[in-house]
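Trainee:
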Amino acid sequence: MHELKIAEDLKDIVLEAASEGNLKKVTLVNVTFGQMVQIVPDIFRFAFTECVRDTIAEGAEVTIEIVPVKMTCNECGTEFEVKDNLFVCHKCGSADLKIINGRELFVNSIEGE
Amino acid sequence: MEIKILKNILDRNQNKADEVRALLKDKNVVMVNIISSPGAGKTTLLERTCGKLTERLRIGVIEGDITTDRDAQRLKKYNIPIVVINTEGGCHLDSHSISKALGSFDPDNLDMLFVENVGNLICPSQFDLGETFKLAVISTTEGDDKPAKYPMLFREARAVILNKIDLLPYTDFNFESFSRDLRRINPSVPLFRLSCTKGDGLDEWYEWINGQSLKQKPV
Numbered sequence: 001m002h003e004l005k006i007a008e009d010l011k012d013i014v015l016e017a018a019s020e021g022n023l024k025k026v027t028l029v030n031v032t033f034g035q036m037v038q039i040v041p042d043i044f045r046f047a048f049t050e051c052v053r054d055t056i057a058e059g060a061e062v063t064i065e066i067v068p069v070k071m072t073c074n075e076c077g078t079e080f081e082v083k084d085n086l087f088v089c090h091k092c093g094s095a096d097l098k099i100i101n102g103r104e105l106f107v108n109s110i111e112g113e
Numbered sequence: 114m115e116i117k118i119l120k121n122i123l124d125r126n127q128n129k130a131d132e133v134r135a136l137l138k139d140k141n142v143v144m145v146n147i148i149s150s151p152g153a154g155k156t157t158l159l160e161r162t163c164g165k166l167t168e169r170l171r172i173g174v175i176e177g178d179i180t181t182d183r184d185a186q187r188l189k190k191y192n193i194p195i196v197v198i199n200t201e202g203g204c205h206l207d208s209h210s211i212s213k214a215l216g217s218f219d220p221d222n223l224d225m226l227f228v229e230n231v232g233n234l235i236c237p238s239q240f241d242l243g244e245t246f247k248l249a250v251i252s253t254t255e256g257d258d259k260p261a262k263y264p265m266l267f268r269e270a271r272a273v274i275l276n277k278i279d280l281l282p283y284t285d286f287n288f289e290s291f292s293r294d295l296r297r298i299n300p301s302v303p304l305f306r307l308s309c310t311k312g313d314g315l316d317e318w319y320e321w322i323n324g325q326s327l328k329q330k331p332v
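Chains as they are written, first to last, in the numbering used here: chain A, 1 to 113; chain B, 114 to 332.
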């Protein structure tokens, strides 16, 4: 259900940007979510559609890019994608890692007229 | 026409969380964000912890509850400052409600602030409250697959509590499988095996949590 709160915050950002850009209608919203934040795209789209009802973004399409979890090893510097929840370095086996991708909750752009 | 935005959707929550974290750091207050499913034993853990540590640490509690103040009522006997946040159906706490609640505490007279988040393993993990660290609590009756299903919480927790170990013989909880999944996600996280009702494992827990305080005295 965190989809709803995130959709509400997205609505505010979208409407603010649309107003600054003098858009009369928002037709598309582009977002990127990290795999780790476990957003279910269909639930998110449904929540966003409800949030923007009766606004200039009503009916806007949402494109969602899901980014895999990527870490860098603090010991040997290797960058790797995390698969099957295995958070150890693929090269040296260290567990001292830093997250690069996978935690995104990012709005990239909107389109409209 | 395309308009570039390039912004974190939860910026507002993050900015307030950063403010909360800076304030607590300035006052040397450790804030523990306790996350679990409903019924895993967060309140019982707090009852035990307050019962043992209030002589050594100045403890405060923020109780996130969907509609009631029942959890707060259970902690009243420890004479500690408690603030209840009713989320009215909301499935997690956010940094704005925590910031507001902090106004009811005197940070100069506080060592550790426990936040009992709303019972839920997924939503609370996404919202930074400005805590010093997250504590994940699960219980044997929930099944051993929780780390694999909710990796973000177990990855980011500074410690994990497995509660209700006294009930192990009555469940099909497979400790080896649980432990293997947890170690893949977070190889070095401390794991405490407790029974908060019977008392198993609690001494080790008290020592660890007391050690997290920035102004601790020996247990």
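All residues carry an ideal CB built from backbone N, CA and C; glycine is no exception.
1) I need the straight-line Cα distance from B/T177 to B/A270, nearest angstrom please.
2) What residue range does the beta strand (DSSP E) around A/E61 cover?
3) Answer with buried or exposed for B/P282, where buried requires no fewer than 16 other C-beta atoms within 10 angstroms of its C-beta.
4) Going residue by residue through the stretch 232–269 of chain B, where are the continuous alpha helix (DSSP H) segments of at least 4 residues, counting only ones entirely within it?
5) Pull out every residue of the stretch 186–217 of chain B whose Cβ sits closer than 8 Å to any Cβ of chain A, in chain order.
6) Given B/A272, which residues of its chain have a CB within under 6 Å of its CB, disregarding the five upstream and five downstream residues?
7) The alpha helix (DSSP H) with B/E201 in it runs from where to where?
8) Taking only beta carbons into account, state which residues of the stretch 261–284 of chain B come closer than 7 Å to chain A, listed in chain order.
9) Taking C-beta pairs closer than 9 Å, name the residues in chain B that A/E113 reaches, listed in chain order.
10) Given a threshold of 16 other Cβ atoms within 10 Å of its Cβ, counted over all protein chains shown, does B/M114 qualify as buried or as exposed?
11) I want to verify the contact list: residues of chain B whose CB lies under 9 Å from the CB of A/G21, in sequence order.
12) Beta-carbon separation of B/A214 and B/I175 under 8 Å?
13) Would you say A/A47 reaches chain B, if we count a Cβ-Cβ gap shorter than 8 Å as a contact?
Mentor: Taking the structure as given:
1) On the second sequence, position 64 is the one that residue 177 of chain B refers to. On the second sequence, position 157 is the one that residue 270 of chain B refers to. In the sequence on display, residue 177 of chain B carries Gly and not Thr. Their backbone Cα atoms lie some 19 Å apart in a straight line.
2) Position 61 of the first sequence holds residue 61 of chain A. Here the beta strand (DSSP E) through A/E61 covers E61 to V67.
3) On the second sequence, position 169 is the one that residue 282 of chain B refers to. Answer is exposed; the Cβ neighbour count stays below 16.
4) 236–239, 259–262 and 264–269
5) G203, C204, H205 and D207
6) The sequence position of residue 272 of chain B within the second sequence is 159, counting from 1. So the qualifying residues of the chain are L248 and P303.
7) Along the second sequence, one-based indexing puts residue 201 of chain B at 88. That residue, B/E201, is in no alpha helix (DSSP H); it is neither H nor E in DSSP.
8) A261, P264, M265 and R268
9) Translated into the one-based positions of the first sequence, residue 113 of chain A becomes position 113. Near A/E113 (Cβ distances below 9 Å), the residues of chain B are M114.
10) Locating residue 114 of chain B in the second sequence gives position 1, where the first residue counts as 1. Per the 10 Å Cβ criterion, exposed.
11) Taking the first sequence and counting its residues from 1, one reaches residue 21 of chain A at position 21. Near A/G21 (Cβ distances below 9 Å), the residues of chain B are M114 and I116.
12) Locating residue 214 of chain B in the second sequence gives position 101, where the first residue counts as 1. Locating residue 175 of chain B in the second sequence gives position 62, where the first residue counts as 1. A contact, by the Cβ cut-off of 8 Å.
13) By 1-based counting over the first sequence, the position of residue 47 of chain A is 47. Chain B contact via Cβ: absent.
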